[in-house]
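A.B. asks: Residue numbers (my numbering): 807 to 909.
1) Just reading off the beta strand (DSSP E) that residue 868 is part of, what are its end residues?
2) DSSP puts residue 876 in a beta bridge; with which residues?
3) What residue from 885, 878, 907 and 902 has the CA that sits closest to residue 951's CA?
4) What would DSSP say about residue 845, mapped onto helix, strand or coil?
5) If residue 894 sits next to residue 880, beta carbons under 8 Å apart, how far is it from one beta carbon to the other, in whole angstroms?
6) Quick check on residue 902: buried or exposed, where buried means 16 or more other Cβ atoms within 10 Å of its Cβ?
7) From the DSSP output, which residues share a beta bridge with residue 891?
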């Protein structure tokens, strides 16, 4: 009987579907953000700049969508400013609605 129940349970489960991660990026720093890269924690490469605008100016906010098809929450975020300064932060993107960049 256990084998039958296990088979029924296996047939009734569906794989988790990865969902897009959406959050509001707030630039509360004194510099414009000109590039933003994201990668799951542990990845060795950043990939492409995900900003769809030339720059996120100081005092500006906007929605960021990460639609990479992965089922992970922990990401490394890398920001590059117009002066060339870089900052990297690890964040659980499933647990936030807003991410604020400050000086």
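Glycine included, every Cβ here is placed at the ideal spot set by N, Cα and C. Note that the structure is a prediction, hence the values are computed from the model and not measured.
C.D. replies: Taking the structure as given:
1) As a first step, residue 868 must be located in the chain shown, where it is residue number 62. Note, residue 868: beta strand (DSSP E), 867-872.
2) In the chain shown, residue 876 corresponds to position 70, counting from 1. In DSSP, residue 876 forms no bridge with anything.
3) Because the chain here runs from 807 to 909, residue 951 falls outside it and cannot be looked at.
4) As a first step, residue 845 is located in the chain shown; it is residue number 39 there, counting from the start. In the three-state scheme derived from DSSP, where H, G and I count as helix and E and B as strand, residue 845 is classed as strand.
5) The residue labelled residue 894 in the question sits at position 88 within the chain shown. The residue labelled residue 880 in the question sits at position 74 within the chain shown. With 8 Å as the limit, residue 894 and residue 880 do not qualify as a contact, their Cβ atoms being about 13 Å apart.
6) Here residue 902 is taken as the residue at index 96 of the chain shown, counted from 1. Residue environment: residue 902 is assigned as exposed (fewer than 16 neighbouring CB atoms within 10 Å of its CB, all protein chains considered).
7) Here the question's residue 891 lines up with position 85 in the chain shown. Residue pairing from DSSP leaves residue 891 without any beta-bridge partner.
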